[in-house]
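Okay, so here's the structure we're looking at.
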Amino acid sequence: MSPCGDFSINLSYPFSIDGTHTGCSHPGFHLSCTMDNLTQLMIYNTSYSVKYVDYVNQIMTLADTAYMNKDHCPLPTSNTSLDFSLFDYTGIDRNVSYYYCSSQAVGVSSLYQLSCDASTGMYDYYFT
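Everything in the sequence shown is counted per our numbering, starting at 27 for the first residue and increasing by one.
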């Protein structure tokens with residue numbers, strides 16, 4: 027189990043975390059605990075908070091820590107680079123970024139707005 031974070035993530039290969047033997051993990055999958063008590067994965071010098079790991083279906087949910095807990099809509103300011111050597115992708119896999127904002131995005135042509143319940147006062151976008 028991860029010793030940090032709001033919830034417990036069952037960690038096993040390919041991951042290792044601070045204080046465990048890194049020889050039992052795959053290179054690029056070393057996790058650390060932040061001062062904010064988040065389980066963190068670094069990819070190309072970008073910090074991601076590990077939110078969910080499903081070993082059976084091989085799904086991992088990450089959140090870019092630079093955009094967490096912001097008062098404004100965290101729209102992309104640059105392209106996200108993925109380390110394709112860490113993951114196996116097929117022709118049908120897609121990298122999708124989802125944004126849930128309290129203000130409407132303007133001037134970003136690469137964002138697609140979702141048709142969600144407008145009564146919430148929130149705006150939903152995705153970026154591929």
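Backbone N, C-alpha and C fix where the C-beta goes; we use that ideal spot for every residue, glycine too.
Could you check which residue in 55, 111 and 74 has the C-alpha nearest to that of residue 168?
-> A question about residue 168 goes unanswered here, because the residues of the chain that appear run from 27 up to 154.
What number of angstroms, rounded off, separates the C-alpha of residue 54 from the C-alpha of residue 145?
-> 43 Å
Complete runs of the beta strand (DSSP E) confined to the segment 32-83 [at least 3 residues] = 56-59, 65-69 and 72-80
DSSP on residue 116, reduced to helix/strand/coil?
-> coil
The beta strand (DSSP E) enclosing residue 86, as first and last residue numbers = 85-90
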